[in-house]
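**Student:** Below you'll find the structure I mean.
In the numbering used here, the protein residues as written are 1 to 159.
What follows is the structure, given as structure tokens:
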């Protein structure tokens with residue numbers, strides 16, 4: 001039987017990413033609009049669980065992969081997709097500096113840094129990789145959507 005009192009590592013990772021981003025106090029983004037979801041921001045009509053834009057949606061829908069580890073511990077990589085959403089009006093300049101600053105702040109908060117708050121194992125330095133700077137279909141719908149991937153590696157005790 002599963003222990004309902006134990007939070008799965010993947011949930012701890014998502015909570016840690018959300019908490020870190022909330023702590024950045026991104027201009028115009030309320031803490032309530034930085035959330036984690038199982039399904040990404042608008043996939044299959046799920047819609048974001050936020051009260052409007054701007055918002056930051058964190059998902060881990062790609063699934064974890066195993067890394068190298070040690071003789072007694074396994075490294076698991078949890079790929080967290082971070083989507084930054086804001087309402088725009090197809091402008092090439094409105095909020096451009098602010099939106100790029102959000103991206104830069106999030107990237108710097110994670111790259112080569114350990115994620116805190118994960119009791120399921122030891123966090124190794126995170127890696128941040130690309131994604132989209134601007135999602136054209138969303139831009140045509142008067143929204144800006146940026147994304148990036150944060151690979152969070154947790155060294156877990158082998159059981």
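Glycine included, each C-beta is placed from N, C-alpha and C at the ideal position.
If you're wondering where the values come from, they're calculated on a predicted model, not measured in any experiment.
With a Cβ-Cβ cutoff of 9 Å, do residue 144 and residue 66 count as a contact?
**Tutor:** Against a cut-off of 9 Å, the Cβ pair of residue 66 and residue 144 comes out as no contact.
**Student:** How is residue 134 classed by DSSP in three states: helix, strand or coil?
**Tutor:** Note: residue 134 maps to coil in three-state DSSP.
**Student:** If you run the structure through DSSP and keep just helix, strand and coil, what is residue 106?
**Tutor:** It is helical.
**Student:** Do the CB positions of residue 90 and residue 142 come within less than 9 Å of each other?
**Tutor:** For residue 90 and residue 142, yes; Cβs fall inside 9 Å.
**Student:** Would you report the Cα separation of residue 20 and residue 117, rounded to the nearest angstrom?
**Tutor:** When rounded, the distance between both Cα atoms is 10 Å.
**Student:** Could you tell me whether the segment 30-37 touches the segment 118-126, where touching means 3 or more Cβ pairs closer than 8 Å?
**Tutor:** Taking 8 Å as the limit for Cβ pairs, the verdict is that the segment 118-126 does not touch the segment 30-37.
**Student:** Closer than 8 Å by C-beta to residue 134: which residues in its own chain qualify, once you throw out the five before and the five after it? Chain order, please.
**Tutor:** 144, 145, 146, listed in sequence order.
**Student:** Have a look at the DSSP bridge pairing and note the partners of residue 156.
**Tutor:** In the DSSP output, where bridge partners are listed per residue, residue 156 has 74.
**Student:** Grab the span of the beta strand (DSSP E) containing residue 59 for me, first residue to last.
**Tutor:** Unbroken beta strand (DSSP E) run through residue 59: 55-59.
**Student:** Taking DSSP as the reference, what is the three-state secondary structure of residue 34?
**Tutor:** Looking at residue 34 - three-state DSSP - the assignment turns out to be strand.
**Student:** Under a Cβ-count criterion, where at least 16 other Cβ atoms within 10 Å of its own Cβ denotes burial, should residue 16 be classed as buried or exposed?
**Tutor:** It is buried - the Cβ of residue 16 has at least 16 other Cβ atoms within 10 Å.
**Student:** By the 10 Å Cβ neighbour count, where 16 or more other Cβ atoms means buried, how is residue 150 classified, buried or exposed?
**Tutor:** Buried, since its Cβ has 16 or more Cβ neighbours within 10 Å.
**Student:** Helix, strand or coil for residue 92 per DSSP?
**Tutor:** Correct three-state label for residue 92: coil.
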